Amino acid sequence: MDASRTIVETVGKLRQRRTGPLVLELDLTEGLSEGPPADPVTALLSMRKPRLAEVLSGLRRARKDPRVAALIVKIGGNPLGLGTVQELREAVVKLRAAGKPTVAFAETFGEFGAGTVPYYLASAFERVYLQPSGDVGLTGVALEQRFLRDALARAGVEYQLGQRHEYKTAANMFTQNHMTDAHRESATRIAESVTEQITAGIAEARRLTPERVRELIDQGPFIGAEAVEAGLVDGLKYRDEVYAETVEDGAHLQYVSRYAKSALSGKLPHPGADTVALVHGTGTIRLGRSGRSPLGGGGAMGSDTVCAALRAARRDDKVKAIVFRVDSPGGSYVASDAIWREVVLARESGKPVIVSMGDLAASGGYFVSMAADVIVAQPGTLTGSIGVFGGKPVVGELLGRLGVVTESVAEGANAGMFSPTTAFSETQWERVNAWLDRIYDDFVGKVADGRGLSRERAHELARGRVWTGADARAAGLADELGGLEDALALARRRAGLATAAPVRTYPRMHPLERLRPAESSEDRSAALSRVRLEAWGPLARLAGELGLPAYGPLVLPGYWTVR
Numbered sequence: 001m002d003a004s005r006t007i008v009e010t011v012g013k014l015r016q017r018r019t020g021p022l023v024l025e026l027d028l029t030e031g032l033s034e035g036p037p038a039d040p041v042t043a044l045l046s047m048r049k050p051r052l053a054e055v056l057s058g059l060r061r062a063r064k065d066p067r068v069a070a071l072i073v074k075i076g077g078n079p080l081g082l083g084t085v086q087e088l089r090e091a092v093v094k095l096r097a098a099g100k101p102t103v104a105f106a107e108t109f110g111e112f113g114a115g116t117v118p119y120y121l122a123s124a125f126e127r128v129y130l131q132p133s134g135d136v137g138l139t140g141v142a143l144e145q146r147f148l149r150d151a152l153a154r155a156g157v158e159y160q161l162g163q164r165h166e167y168k169t170a171a172n173m174f175t176q177n178h179m180t181d182a183h184r185e186s187a188t189r190i191a192e193s194v195t196e197q198i199t200a201g202i203a204e205a206r207r208l209t210p211e212r213v214r215e216l217i218d219q220g221p222f223i224g225a226e227a228v229e230a231g232l233v234d235g236l237k238y239r240d241e242v243y244a245e246t247v248e249d250g251a252h253l254q255y256v257s258r259y260a261k262s263a264l265s266g267k268l269p270h271p272g273a274d275t276v277a278l279v280h281g282t283g284t285i286r287l288g289r290s291g292r293s294p295l296g297g298g299g300a301m302g303s304d305t306v307c308a309a310l311r312a313a314r315r316d317d318k319v320k321a322i323v324f325r326v327d328s329p330g331g332s333y334v335a336s337d338a339i340w341r342e343v344v345l346a347r348e349s350g351k352p353v354i355v356s357m358g359d360l361a362a363s364g365g366y367f368v369s370m371a372a373d374v375i376v377a378q379p380g381t382l383t384g385s386i387g388v389f390g391g392k393p394v395v396g397e398l399l400g401r402l403g404v405v406t407e408s409v410a411e412g413a414n415a416g417m418f419s420p421t422t423a424f425s426e427t428q429w430e431r432v433n434a435w436l437d438r439i440y441d442d443f444v445g446k447v448a449d450g451r452g453l454s455r456e457r458a459h460e461l462a463r464g465r466v467w468t469g470a471d472a473r474a475a476g477l478a479d480e481l482g483g484l485e486d487a488l489a490l491a492r493r494r495a496g497l498a499t500a501a502p503v504r505t506y507p508r509m510h511p512l513e514r515l516r517p518a519e520s521s522e523d524r525s526a527a528l529s530r531v532r533l534e535a536w537g538p539l540a541r542l543a544g545e546l547g548l549p550a551y552g553p554l555v556l557p558g559y560w561t562v563r
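Counting along the sequence shown from 1, when you hit position 406 you're at 406 in UniProt numbering, and nothing is skipped either side.
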């Protein structure tokens, strides 16, 4: 009798899980992952991070699903890029427009620190709750750059670097002891553009005037009660109180990414269906295969991996359009050129090629994007940086101070040209500049051809200058403002596919990603211990870029950040 009752109760619970109301959860405490992992280490490190594409797909599906009763998102302290935040905001706004309650909860928006971008994300939700002990660090946008030239000189290190042109400022931290006029002009405009976007977004979502939001930015940060009084937060509640208010009796909690996958698991595969290929290119661009950078600091976009993915998509008769998702600060010129060529060939095959820019698509990241039929960027995407720099550090004096003696034997006048122990000779420096001139001319020429600009106009927009997506669109370097879902929808329209046409991801998913996550926070009984690999910082990342010639990273983590 007891066994029969247990069976009946179990069947009832399963039926309730399949037919009852759903409250979707999204935990952003660990951040988001951009695309499929390229190596086992990245797969392990990203297991606890929702994937952006799955989150966007799940929220899009939820708009039409009558079972979905609400969305609760926990916004944590792990920073998200401005472009990613704008993609999430757009998805949340559309969910709200479909009549679904949306709730954002945070323990704090910056604990004695800046929290402008996290709060900007939260402002898109219908209700925003803050833990009573939390704060709202709405303080505006600060771009900060450190300069190491004088410190390195004291240590006996000199950097010999050439750049094209005055706005190509990634190497200035090594060659200058202050912002140049061009550097300050570019940084000022980026800060202005980002502030305009954040102010407008908060004003619209919180029903305030832009002028009032700008006043609040100047008055921040706010303790919890002040934030409620200013209309920035709807209430001070702990997590349990937020869930008790939002989750009705009988509702089932489910993570958005799991919800997105469940839409596919119940469908039979259709190998003959026409599809859109989604190719991911993430991280510093290098020759070879994608994977983690040997110097730390995240993943790398390998030309072999991305070129193979683009070729496979181009040659697949069932692929009718290609979306190339780019999130990269740049890297190797040769690797960028190889990827650019595959984009050109894909476009020439007659398949529409749409580039979707993430947080960053600058320098080499713009190089691989510029041949697409359409470039879609978020207003806060950092892009452009059409230029080049190259050179080397000279550490001979430092080694001498340390008692290190270097001797060499060489055949060839320039055999030791790239040795860091000696400076370039006058002749060698001429070769460096000739090399940089050739790369810059090639870059600008391809921008002109790909974007339908005169060479003079392309050079005017280039010169190494960084643009926000909003300014890039106004200048003709991008075509549309939007996110990945917008790019996929555009690709389907251009290829004449149905709005629900499937998407196939390239490169193919790593086997470790087949591990299924917990459905909801209530189902997570034993989380894996978090493994954190700390990057050595911007010096390591930039040092990897300094082989001649190289595109410099646009954003140096910890040195050049939007807060």
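C-beta atoms are modelled at their ideal positions from N, C-alpha and C, and glycine is treated no differently. Everything numeric in this text was worked out from a predicted model, so none of it was measured.
Within 10 angstroms of the Cβ of residue i, are there 16 or more other Cβ atoms? Answer buried if so, exposed if not.
i                 : result
alanine 500       : exposed
serine 408        : exposed
phenylalanine 112 : exposed
glutamate 485     : buried
lysine 64         : exposed
threonine 209     : exposed
alanine 527       : A caution first: alanine 527 carries a pLDDT of 33, below 50, which makes its placement in the model unreliable, though a value can still be read off. So alanine 527 counts as exposed.
aspartate 471     : buried
threonine 108     : buried
arginine 127      : buried
threonine 282     : buried
glutamate 87      : buried
isoleucine 386    : buried
histidine 459     : buried
aspartate 523     : Residue confidence is low: aspartate 523 scores 45 on pLDDT, short of 50, so the model does not pin down where it sits. No coordinate-derived value is stated.
isoleucine 439    : buried
histidine 178     : exposed
aspartate 317     : exposed
isoleucine 223    : exposed
Contact defined as beta carbons within less than 8 Å: I believe residue i pairs with residue j. What is the distance between those atoms, to the nearest angstrom?
i              : j              : result
tryptophan 435 : glycine 384    : Incorrect: roughly 22 Å between the Cβ atoms, too far for contact.
glycine 376    : isoleucine 339 : Strictly speaking, residue 376 in this sequence is valine, with glycine absent from that position. 18 Å between Cβ atoms; not a contact.
methionine 173 : leucine 148    : 5 Å
arginine 504   : alanine 277    : 6 Å
isoleucine 322 : alanine 487    : With 8 Å as the limit, isoleucine 322 and alanine 487 do not qualify as a contact, their Cβ atoms being about 10 Å apart.
isoleucine 198 : threonine 84   : About 14 Å separates the two Cβ atoms, so there is no contact after all.
arginine 463   : tyrosine 119   : Going by Cβ atoms, the distance from arginine 463 to tyrosine 119 rounds to 35 Å, so no, they are not a contact pair.
aspartate 274  : leucine 497    : 6 Å
leucine 398    : glycine 156    : 4 Å
valine 334     : leucine 310    : With 8 Å as the limit, valine 334 and leucine 310 do not qualify as a contact, their Cβ atoms being about 17 Å apart.
glutamate 360  : aspartate 327  : For the record, residue 360 in the displayed sequence is leucine; it is not glutamate. So it is a contact: roughly 6 Å between Cβ atoms.
proline 329    : threonine 284  : 6 Å
For the alpha helix (DSSP H) containing residue i, list its first residue and its last residue.
i                 : result
phenylalanine 367 : 364-367
threonine 305     : 303-315
glycine 445       : 426-451
arginine 401      : 396-401
alanine 415       : Here alanine 415 belongs to no alpha helix (DSSP H), and DSSP marks it neither H nor E.
serine 328        : Segment 319-328 is the beta strand (DSSP E) holding serine 328; no alpha helix (DSSP H) there.
glycine 469       : 469-475
leucine 80        : Counting along the chain, leucine 80 falls outside any alpha helix (DSSP H), and DSSP gives it neither H nor E.
Can you tell me where the beta strand (DSSP E) holding residue i begins and where it ends?
i            : result
arginine 286 : 284-286
valine 55    : Note, valine 55: premise wrong, no beta strand (DSSP E); alpha helix (DSSP H) at 52-62.
alanine 377  : 374-377
leucine 497  : Unbroken run through leucine 497: none, as it is neither H nor E.
leucine 382  : 382-384
Quick one: what's residue i bridged to in DSSP?
i              : result
tyrosine 255   : Glu25
valine 85      : In DSSP, valine 85 forms no bridge with anything.
proline 393    : Tyr159
glycine 331    : Ile285
alanine 69     : Paired residues: none, contrary to the question.
lysine 74      : Asp27, Phe105
serine 33      : Arg51
arginine 504   : Ala277
glutamate 480  : Val376
serine 336     : Answer is none; serine 336 lacks a bridge partner.
methionine 357 : Val326
residue 575    : No information on residue 575 is available, as it lies outside the stretch 1 to 563 that the chain covers here.
valine 466     : Gly384
Would you say the beta carbon of residue i comes nearer than 7 Å to a heavy atom of the ligand PLP?
i           : result
leucine 399 : Absence of the ligand PLP from the depicted structure is noted, as is the absence of any ligand whatsoever, leaving it without description.
Legend entry - Every unbroken alpha helix (DSSP H) within the UniProt domain "Peptidase S49" (95-246), with a cutoff of 4 residues, ordered by chain: 116-122, 149-155, 172-175, 181-206, 210-219, 224-229, 239-246
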